[in-house]
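Undergrad:
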Ligand code: GLC
């Protein structure tokens, strides 16, 4: 008999429901504590999983109680939001996506897994795989931006990174693909609001990153808080049991979001905790995070005949199997026993600095204001985010302390010891007080150049951080206009460093500053990374994974829009456009300048006629006409001008990166299998239709900058291909 069968046969109902319960815990000076409960619940086996507990000692103590003082000694599953690092923070996920480098995406997850597991953590609630196209919603900062193809690449990289090659290894974390599904499409960008997307948008945009995670072997999935077309995801049997488990074959653990089962009552689909628990269990949710609906609701649901004992056993079996795959039964202390070496931690910070520099997107660099000229002697670093180490962490910072992060001011002072670097606050992030601008102006007059550090506070994005405005909060615009007016009058360069968890609609800043760096939230080494770019030690190479709107009225804004029957035509009032703002974004997806100057030419695509089992070879020549070495990213898009359904104006199908010295040129080659040209036909079944396909290659999702060729797809005998595996 297997261990799991033996345990199931021996477990009481309380112990079974304990394995389906995850409760928040923490550590205080008096020792570890459990939210709303005590360690007796662990001894009694009525809590089997914990979240939010940090520190090797408290983790080990609670694990010891479970293993040595409970009747069956089942180890605890210890989980935490390790979103972009544990104690050493990497750039937030939206910033990291700007590298367009799956190897780095995987390696930062691997480093975070090593650091967190070294203190006993065994599961992370990551990667977040929600497509985000409405920047009013705050959680885009936790994900990969607007494009599902990028989402699939990142999902695979992150699952490999967190879980490693052996989930039972001491440095492996169970990854959790969240928040399933379409959470980013909340009504009006308002957090936790209802979601309504078409079946096509669900299947072609929102689900593919989760499919990629399942194919990559993700251990767990977390449903979103939200309802989808009237059915809360936590009770969505169609998408959880039928699609995720049935169609995709996912056999891992589904863990609810925080109190989400209890919130089925507020959603209006459950009258009480017992009914809420029954709905979630029947939908396939295995672990109840922080609602205590399973622990206290399922016994009543059993009595009322709302669920069966077999359904409970099925869920317990999946949880025990995950614990077994994590090696927790073999050695519950395997994670957290061997502290990391100082060498490993130092190397991790060096890596975080390199990733930070590469995550920076240079939006503008008029007159080559950057890198700073060597002749400069006096620099003013001004603004509410100039000396704000804590803010560099972003909204999910796990066990990372503020003093472990480097501010812009500290980074620049370390990089430029010979320069006189003054600091001024100017204004706070979100306060209507301009009294300190005068001091900033006075110091500006005594400087040769200005670094203006503006943006959002780290908690103005992330969970529960929707904003109706995409402008800078407080009086940061007043500060900017005062500084830029003075600087312009005496030819001083103004470098704006913009910190945010979303693309901001700040055309006035782009207009006034000489150079603008999107610095998102870069984590532990933020200040050094920014200094490396500003001084020219590193050429910026980040590319924005989101379209930057001109105005909040444009959102949702993304390059993969479908055409209109009346495409925008400035000469035609009756065409798809606004009266007051252009349709296109301020900056297109993929935009990002470097210290090089790149020119693409000679696009070649073979074969010109493609069969269903063939692959396109796409080549383009890239020349660096600039004066400095730099890295270019080349994007591959397709478009179907004619099909049985309307197709997006651009679909991303690949990207490649190349480093070139000044004057150097090289050929970039991309491959595109015909199967990547499938889409869902009118009946929402995958098809590969005969016809013309535009192949477009270039630096960003701006058609005016793309080279284009057209090839013909010869549909195979059956134009219908088997559904994606
Ligand atoms: C939060 C978030 C989810 C997170 C969980 C545990 O409410 O929605 O992303 O993993 O609770 O902290």
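In the numbering used here, the protein residues as written are 0 to 724. Heads up, the beta-carbon is just placed ideally off N, CA and C, and yes, glycines get one too. Predicted, not measured: the structure shown is a model, and the values here were computed from it.
(1) Who are the Cβ neighbours of residue 424 in its own chain at under 6 Å, not counting the five residues just before and after it?
(2) Cβ of residue 157 within 7 Å of any heavy atom in ligand 1?
(3) Please indicate yes or no: does the CB of residue 263 lie closer than 7 Å to some heavy atom of ligand 1?
(4) Where residue 570 and residue 576 are concerned, what is the direct C-alpha to C-alpha distance, given to the nearest angstrom?
(5) Starting from residue 21, trace the alpha helix (DSSP H) both ways and give me its first and last residue.
(6) Per DSSP, residue 547 is paired with what?
(7) Kindly indicate which three-state DSSP category residue 539 falls into: helix, strand or coil?
(8) Would you list the residues whose beta-carbon is nearer than 5 Å to any heavy atom of ligand 1, in the order they occur in the chain?
(9) Strictly under 8 Å for the Cβ-Cβ distance: is residue 91 near chain D by that measure?
(10) Can you tell me the Cα-Cα spacing of residue 231 and residue 255, whole angstroms?
(11) Can you pull the DSSP bridge partners for residue 711?
(12) Helix, strand or coil: how does DSSP classify residue 135 here?
(13) Hey, residue 50 and residue 61 are a contact pair by Cβ (cut 8 Å); roughly how many whole angstroms apart?
(14) Since I believe residue 128 is in contact with residue 397 (beta carbons under 8 Å), could you give me their beta-carbon distance rounded to a whole number of angstroms?
(15) Specify the secondary structure class of residue 447 as computed by DSSP and reduced to three states.
(16) Could you give the DSSP three-state label for residue 248: helix, strand or coil?
(17) Looking at the strands, I want to know which residues DSSP matches up with residue 273.
(18) Among all the DSSP beta bridges, which residues are the ones paired with residue 254?
(19) Give the secondary structure of residue 122 by DSSP, where H, G and I count as helix, E and B as strand, and everything else as coil.
(20) Since residue 443 and residue 495 should fall inside the 8 Å C-beta cutoff, what is the C-beta to C-beta distance between them, to a whole number of angstroms?
(21) Using 8 Å as the threshold, is the C-beta distance between residue 166 and residue 218 below it?
(22) So for residue 529, helix, strand or coil by DSSP?
(23) Roughly how many whole angstroms lie between the Cα atoms of residue 295 and residue 273?
(24) Using the Cα positions of residue 361 and residue 590, report the straight-line distance between them to the nearest angstrom.
(25) Under DSSP, the alpha helix (DSSP H) around residue 481 begins and ends at which residues?
(26) If distances are taken between C-alpha atoms only, which option among 697, 186, 479 comes closest to residue 508?
(27) Can you name the residues that DSSP bridges to residue 629?
(28) Scan the region 397-450 and note each continuous alpha helix (DSSP H) run of 4 residues or more that stays entirely inside, going in chain order.
(29) Can you tell which of 422, 185, 608 has the C-alpha that lies nearest to the C-alpha of residue 133?
(30) Indicate the three-state DSSP secondary structure (helix, strand or coil) for residue 494 in the structure shown.
(31) Around the Cβ of residue 598, are there at least 16 other Cβ atoms within 10 angstroms (buried) or fewer (exposed)?
(32) For residue 56, count the other beta carbons within 10 Å of its own beta carbon; 16 or more makes it buried, fewer makes it exposed. Which is it?
(33) Relative to the C-alpha of residue 87, which candidate in 72, 111, 75, 97 has its C-alpha closest?
(34) With 16 as the cutoff for other CB atoms within 10 Å, does residue 20 come out buried or exposed?
(35) Answer yes or no: do residue 632 and residue 542 have a C-beta to C-beta separation smaller than 8 Å?
(36) Quick check on DSSP: helix, strand or coil for residue 722?
TA: Result, derived from the coordinates:
(1) Within the same chain, and ignoring the five residues on either side of residue 424 in sequence, the residues whose Cβ sits closer than 6 Å to its Cβ are 435.
(2) Not under cutoff, so the answer is no.
(3) No; taking the cut-off as 7 Å, the Cβ of residue 263 has no heavy atom of ligand 1 nearer than that.
(4) Whole-angstrom Cα-Cα distance: 11 Å.
(5) Unbroken run through residue 21 is the beta strand (DSSP E), 20-27; no alpha helix (DSSP H).
(6) Per the DSSP secondary-structure output, residue 547 pairs in a beta bridge with 586.
(7) The answer is coil: DSSP assigns residue 539 none of H, G, I, E or B.
(8) Qualifying residues, in the order they occur: 80, 124, 256, 257.
(9) Absence of chain D from the displayed structure is noted, only one protein chain being present.
(10) Approximately 11 Å between the Cα atoms of the pair.
(11) 608, 691, per the DSSP bridge assignment.
(12) If DSSP states are grouped into helix, strand and coil, residue 135 belongs with coil.
(13) Incorrect: roughly 12 Å between the Cβ atoms, too far for contact.
(14) Rounded to the nearest angstrom, the Cβ distance from residue 397 to residue 128 is 19 Å, too far for a contact under 8 Å.
(15) Annotated three-state conformation of residue 447 is coil, per DSSP.
(16) Shown here, residue 248 sits in coil according to DSSP, grouped into three states, outside any helix or strand.
(17) DSSP lists no partner for residue 273.
(18) Checking the DSSP bridge columns, you'll see residue 254 partnered with 286.
(19) In the structure shown, residue 122 sits in a strand (DSSP, three-state: E or B).
(20) Your pair residue 443 and residue 495 does not check out as a contact, with CB atoms roughly 14 Å apart and the cut at 8 Å.
(21) Cβ atoms of residue 166 and residue 218: closer than 8 Å.
(22) Helix.
(23) About 8 Å.
(24) Looking at the two C-alpha atoms, the distance is approximately 8 Å.
(25) Note, residue 481: alpha helix (DSSP H), 475-488.
(26) Its Cα nearest to that of residue 508, the residue 479 stands out among 697, 186, 479.
(27) Per DSSP, 659.
(28) Listed in chain order, they are 407-414, 436-444.
(29) It is 185 whose Cα lies nearest to the Cα of residue 133.
(30) Look at residue 494 here: in three-state DSSP terms it is strand.
(31) By the neighbour-count rule (16 or more Cβ atoms within 10 Å), residue 598 is not buried but exposed.
(32) Residue 56 comes out exposed.
(33) Per the Cα distances, 111.
(34) Buried: at least 16 other Cβ atoms inside 10 Å.
(35) By the CB criterion at 8 Å, residue 632 and residue 542 fall inside the cutoff.
(36) Caution is warranted here: a pLDDT of 47 is assigned to residue 722, below 50, making its placement in the model unreliable, and the coordinate value is therefore given only provisionally. Reduced to three states, the DSSP call for residue 722 is coil.
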